[in-house]
Structure formats: structure tokens, C-alpha cells
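Colleague: Below is the structure I would like to discuss, written out as C-alpha cells.
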Amino acid sequence: PTFTALTTLPGKPQAETLGAAMEHLVPEPTGVGVFEMEDGSGLWEIGGYFTEAPDEAALAVLAAAFGAKEFAISELPETDW
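If you're matching positions, the sequence shown starts at 784 in the working numbering and goes up one per residue.
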């Protein structure tokens, strides 16, 4: 399975720092992305992709430490393209 963990926060520097911090989680994400939201809000989306369920407690600590919204964690369905 593949899991995603997504959050948002204002400001590119904070978003990039949070993205970098996510790379040290256990289990380690297979990828982390940081993208500016295109809705004019000034928010940035930070997302991690995992091959096993991410550590929800560690994500909650990161969100609190960076003033981000709580991570939304989802399991993506297996799709045969």
C-alpha cells in the first residue's frame, strides 16, 4: 500500500524546512514534496509518501512544532493502470 501525509502552512522557508524534517521520520517517506498552493492564499502544501503507515504521533509533533495544520493521512488504493 501507499500512504500520504499532507499538511499546509504559510511561507516557503517554513514549508521547505518542514519538508526536510519529514525526511528523517521512521518509517522514512519514499518522497516528500513542497508546493505553493495556486489559490492565492499564500499557503504551501507539504506532502510525504510512504510504503507503510506513517508515524502519526511524529507527524503531529512536526505539525505542532512548525505551526502547520494537522497532517491528513490517507491510504491510497492499489490501482492497476
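Cβ atoms here follow ideal geometry from the backbone N, Cα and C, with glycine treated the same way.
Since the structure is predicted, the reported quantities are computational estimates derived from the model, not experimental observations.
Relative to the alpha-carbon of Val815, which residue among Pro793, Ala788, Glu839, Val809 has its alpha-carbon at the smallest distance?
Modeller: The shortest Cα separation from Val815 among Pro793, Ala788, Glu839, Val809 belongs to Ala788.
Colleague: Quick check on DSSP: helix, strand or coil for Glu811?
Modeller: Looking at Glu811 - three-state DSSP - the assignment turns out to be coil, as it is neither helix nor strand.
Colleague: Return the Cβ separation of Pro796 and Pro837 in integer angstroms, given the expectation that the two are a contact with Cβ distance under 8 Å.
Modeller: That pair is no contact at about 24 Å.
Colleague: Do Gly794 and Pro812 have their C-beta atoms closer together than 8 Å?
Modeller: Cβ distance not < 8 Å, so Gly794 and Pro812 don't count as in contact.
Colleague: Would you mind giving the Cβ-Cβ distance between Leu801 and Leu859, rounded to the nearest angstrom? I have them listed as a contact below 8 Å.
Modeller: About 21 Å separates the two Cβ atoms, so there is no contact after all.
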